[in-house]
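Per the numbering used here, the very first residue in the sequence shown carries number 82; after that it's consecutive. I have placed the structure first, in the form of structure tokens, so that the comments after it can refer back to it.
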Amino acid sequence: MPPPVHIVGAGLAGSECAFQLATRGVPVVLHEMRPERPTPAHRTDACGELVCSNSFRSDDPLHAAGALKREMESFGSLILAAARRAAVPAGSALAVDRELYAARVTRALEELPGVTIRREEIRTLPRTDAVLATGPLTSEALASELRELLGDDHLYFYDSIAPVVEADSLDSSKLVRASRYGKGGGDDYLNVPLDHEAYLAFHAA
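What follows is the structure, encoded as structure tokens:
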């Protein structure tokens, strides 16, 4: 039995990496700091939790994102298998029920032989075979060590903002149901007409 590979971060990349290694006979220790140390964006301690959009973009096999999904599925992607089973209507895109999706990812990893999940913050770089998959929500201690190692003052991450709201809090008289970019048919998306000032106020709220 080979020594375990330590994976830091149980988001999308870390969860997929742990699954792929373990299903190929490589033991894995998956380190996730939640719930011991929460982040400003996560709401749960689930593996693979989506903190931005619930969409995995286009599922059209003739689109680059759709073709990539088929490639991932050809090698047994955990992320896409869970997404398929938690899919919600989204035109030609693959979008998911966030909670159901993350629960499926978490359960698959917890039940997979060869995967040990440790709920702890990794504050320094591992001194063994490891994969860093901490993304934009890397803990400050680990980010500080990375900055020192890389000799840079800043680590740059870019993300979008996806507020989650209760459906019954919406005024349907001010919403327009439609497909996204006229693709996929149906009216799965709620569109909100906002001018610049209204958008800024919405974002601030």
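We put the CB at the ideal spot given by N, CA and C, even for glycine. Since the model is a prediction, treat every value here as computed from it, not as a measurement.
Out of the options, which has the shortest C-alpha to C-alpha gap to residue i?
i: residue 175; options: 92, 142, 197, 99; result: 142
i: residue 168; options: 177, 162, 160, 161; result: 177
i: residue 218; options: 202, 230, 207; result: 202
i: residue 226; options: 205, 234, 209; result: 205
i: residue 126; options: 198, 110, 157; result: 198
i: residue 261; options: 154, 130, 269; result: 269
i: residue 144; options: 264, 101, 275, 271; result: 264
i: residue 259; options: 253, 160, 272, 120; result: 272
i: residue 170; options: 157, 136, 120; result: 136
On the DSSP letters alone, give me the boundaries of the beta strand (DSSP E) that residue i sits inside.
i: residue 270; result: 270-272
i: residue 113; result: 109-113
i: residue 88; result: 86-89
i: residue 200; result: 196-200
i: residue 139; result: 136-139
Is it right to say residue i is buried, meaning 16 or more other beta carbons lie within 10 angstroms of its own, or is it exposed?
i: residue 232; result: exposed
i: residue 133; result: exposed
i: residue 228; result: exposed
i: residue 91; result: buried
i: residue 249; result: exposed
i: residue 254; result: exposed
Give me whichever residues DSSP pairs with residue i in a beta bridge.
i: residue 186; result: In DSSP, residue 186 forms no bridge with anything.
i: residue 213; result: 89
i: residue 259; result: 270
i: residue 150; result: In the DSSP output, where bridge partners are listed per residue, residue 150 has none listed.
i: residue 169; result: 176
I'd like to know whether the C-beta of residue i is nearer than 7 Å to at least one C-beta of chain C.
i: residue 182; result: Of the protein chains in the structure, only one exists, and it is not chain C.
Hey, quick one: how far does the alpha helix (DSSP H) through residue i stretch, first residue to last?
i: residue 175; result: Where residue 175 is concerned, there is no enclosing alpha helix (DSSP H), although the beta strand (DSSP E) it sits in stretches over 174-177.
i: residue 288; result: Any question about residue 288 goes unanswered here, given that the chain covers just 82 to 286.
i: residue 68; result: Here the chain covers residues 82 to 286 and nothing more, so residue 68 does not appear.
(message) Check whether the segment 210-222 and the segment 179-192 are in contact - that is, three or more C-beta pairs closer than 8 Å.
(response) Counting Cβ pairs under 8 Å, fewer than three are found: no touch.
(message) Using 8 Å as the cut-off, can you tell me whether the segment 143-153 makes contact with the segment 113-130, which would need three or more C-beta pairs spanning the two stretches below that distance?
(response) No: fewer than three Cβ pairs fall under 8 Å.
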